[in-house]
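S.K.:
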Amino acid sequence: MIIIIDNQEVQVSYGDTILDAAQRAKIHIPTLCHHQAFAGQGRCRLCLVEVTEQGRKRIVASCTYPITREITVCTSTPRIEKMRKNLVMFLYKQAPASKLLQSMYRDYECQDNSLPENAGEKCMLCNLCVLACEEMGSSAISLIMRGTEKKVATPYNEASLDCLGCGACAAICPTQAIELTERDGYRTIWNKEFKLVNCQNCGQPYATQEQLAYIESRGPDNEMLHCCLSCRQKMTAQKIKIFT
Amino acid sequence: MHKELIVQPEKCTGCRTCELICSFVHVQEFDPTRSRINVFNFEKVGFSVPIVCQQCSVAACMEVCPVGAISRSDITGALEVNHDKCLRCKMCTIACPFGATIYDPIKDIIAKCDLGKGDPMCVKLCPSGALTYQEPTQANVNKRKAYAAKFKAVYEEVG
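Those protein sequence lines, which keep their order, are chains L and X. Under this note's numbering, the first sequence is numbered contiguously, ending at residue 259. Under this note's numbering, the second sequence is numbered contiguously, ending at residue 155.
1. Which one of P45(L), Y229(L), G30(L) and Y221(L) has the shortest CA to CA distance from M98(L)?
2. Can you tell me which of A74(X), D80(X) and S44(X) puts its alpha carbon nearest to the alpha carbon of D104(X)?
3. At a Cβ threshold of 7 Å, is E76(X) touching chain L?
4. At what residues does the alpha helix (DSSP H) containing I19(L) begin and finish?
5. Against chain X, does I33(L) count as a neighbour if the rule is that its beta carbon must be under 7 Å from one of theirs?
6. Evaluate contact between the segment 223 to 233 of chain L and the segment 79 to 96 of chain X, counting only Cβ atoms and requiring at least three cross-stretch pairs below 8 Å.
7. Sorted by chain position, which residues of the same chain lie with C-beta nearer than 6 Å to T13(X)'s C-beta, five sequence neighbours on each side aside?
8. Kindly give me the distance between the Cβ atoms of F94(X) and Q248(L), rounded to whole angstroms, as I take these residues to be in contact under 8 Å.
9. With 16 other CB atoms within 10 Å as the buried threshold, where does E164(L) fall?
10. Skipping 5 residues on each side, what residues in its chain have a beta carbon closer than 6 Å to that of E24(L)?
11. For chain L, find out if any of its Cβ atoms is closer than 7 Å to the Cβ of P5(X); answer yes or no.
12. So who's on the other strand from F53(L), going by DSSP bridges?
13. Would you list, in chain order, the members of the segment 79 to 96 of chain X that have their beta-carbon closer than 8 Å to a beta-carbon of chain L?
14. Taking the continuous beta strand (DSSP E) assigned at S44(X), which residues delimit it?
15. Any residues in the segment 237 to 253 of chain L with a beta carbon nearer than 7 Å to a beta carbon of chain X? Which ones, in chain order?
16. Exposed or buried, G155(X), counting other C-beta atoms within 10 Å across all chains shown (16 or more means buried)?
17. Compute the Euclidean distance between the alpha carbons of V64(L) and I42(L), then round it to the nearest angstrom.
18. Counting contacts by CB-CB distance shorter than 7 Å, is A126(X) in contact with chain L?
19. Near D122(L), what residues of its chain come up, given a Cβ to Cβ distance below 7 Å and the 5 sequence neighbours on each side ignored?
20. So, is I199(L) buried or exposed, given that buried needs 16 or more other C-beta atoms within 10 angstroms?
21. Is the segment 29 to 48 of chain X in contact with the segment 3 to 17 of chain X, if contact means three or more CB pairs nearer than 8 Å?
22. Excluding the five sequence neighbours on either side, which residues of its own chain have a C-beta within less than 6 Å of the C-beta of V208(L), listed in chain order?
23. State buried or exposed for P170(L), treating a residue as buried only when at least 16 other CB atoms are found within 10 Å of its CB.
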């Protein structure tokens, strides 16, 4: 099936989302809550596009709109730009401490207004961290509460038994809202303190016990699991030296 | 069969040209600390060995990846990371027994040998022929198998 995105013909298959098709054709659609590892969420709404179908126009979120027939898509019209500008303004009000949203607020030339701000907040509730944690098989965090109280947290804000301390949530966060600190052999994230495992060879801390257990349960046997990464390279080199 | 990157440490002079060109190709900088191939020099005995991803057939990095971001390329047979799909959980870096999968904090990506997308510059510039890129012959396969068996024996002793 062929659809038209911004006057360009794009080959798609039935059920693809507009965003997938556009990304494959290297047509840029702005997104905040989208990640290729997950299906579209339709949360941030920045990926709005105008779809013309049988002569009728409507605005849809491209990340969740499946293509089922031949359509014409426009990724940027004055109407869409105006909506995106408002969305960025609202997202900024939700997370004004985020550098990313601050720069978007400037780039979209949003007008200052008297709407209240969530002062000091960096999280825009895009839910990517929750999805990442779920994909890791932990689901240690989720969106809790409703309305203005809504936030990402572990159950009762307590240290979660399921958290691996892998930091995938912090790494995926587009606004760097999740704090992960590593000091003196301890890693702290989501109110949980992990004692890092020390390398058997050089004694440097390199991973959490939970991460090693995760790898043991999924990966093939690995005799080098209890050494840090640079020691593994070094020891492999030494073994080769002995044999050559 | 896909071509393989074959390392012959007995020919390696330890010049580290491969490290420089690898980092230049991948991060446009001559920075050996960000190279995907690492040379270890044992100066007292005059021996050097480059350590690089073995593109394992049963690959720990691929098996532990929660989202399947590491897959084998049809063209080169290399295990390649889809950076758009990767969550940066870094499990693959801990899972690799050779420490050959690394995290590049500057580019914020998982970096591993991709066989130069079928045209490895490290091989082209290796002055001593310690790195070669060729179709696996039966002789090579046998050599590697013997090598791997020896390795396994030693690791079992140590472990």
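Idealized CB from N, CA, C, for every residue including glycine.
M.R.: Concretely, from the data shown:
1. P45(L)
2. D80(X)
3. no
4. The continuous stretches of alpha helix (DSSP H) do not include I19(L), which lies in the beta strand (DSSP E) extending over residues I17 to I20.
5. no
6. yes
7. L121
8. 7 Å
9. exposed
10. Apart from the 5 residues on each side of it in sequence, E24(L) sits with its Cβ closer than 6 Å to the Cβ of I17 in its chain, given in chain order.
11. yes
12. Answer is none; F53(L) lacks a bridge partner.
13. D80, K81, C82, L83, R84, C85, K86, M87, T89, I90, A91, C92, P93, F94, G95 and A96
14. F43 to I47
15. Residues passing the 7 Å Cβ filter: N237, E238, M239, L244, S245, R247, Q248, K249, T251 and A252.
16. Confidence at G155(X) is low in this model, with a pLDDT of 43, below 50, so its placement is unreliable and no value can be given for it.
17. 12 Å
18. no
19. Answer for D122(L): no residue qualifies.
20. Per the sequence shown, residue 199(L) should be read as Asp rather than Ile. It counts as exposed.
21. Result yes; three or more Cβ-Cβ pairs closer than 8 Å.
22. For the record, residue 208(L) in the displayed sequence is Glu; it is not Val. Contacts found: Y201.
23. The residue is exposed, with fewer than 16 neighbouring Cβ atoms inside 10 Å.
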